[in-house]
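Going by our numbering, the sequence shown opens with residue 597, and the numbers climb by one from there.
The C-beta atom is built at its ideal place from N, Cα and C for all residues, glycine as well.
Fair warning: this is a prediction, and the values are worked out from it, not measured in the lab.
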Amino acid sequence: MGRKLSFIHAADLHLGAPFRGLRALSDAWADRLLKAIPEAFDRVVDAAIARAVD
């Protein structure tokens, strides 16, 4: 039998897409949300490396 394939599935990341509706939030919350997507992507990449996915 061959080697098993391993992967991490991540969808709807919307990397680089503009946020809408941030004007209604405080500056602190808007800043938090703007940082959340790239930070989440970094965690996905780190997990993929740690688990040696294909």
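- The beta carbon of Leu618 lies closer than 6 Å to those of Ala626 in the same chain, with the five residues before and after it left out.
- Cα atoms of Ala607 and Ala636: separation of roughly 12 Å, rounded to the nearest angstrom.
- Non-local C-beta neighbours of Ala643 in its own chain, meaning closer than 7 Å and more than five positions away in sequence, comprise Ile604, ordered along the chain.
- The beta carbons of Ser602 and Arg647 sit about 7 Å from each other, so the pair counts as a contact at 8 Å.
- For Pro634, the enclosing alpha helix (DSSP H) starts and ends at Asp623 to Ala646.
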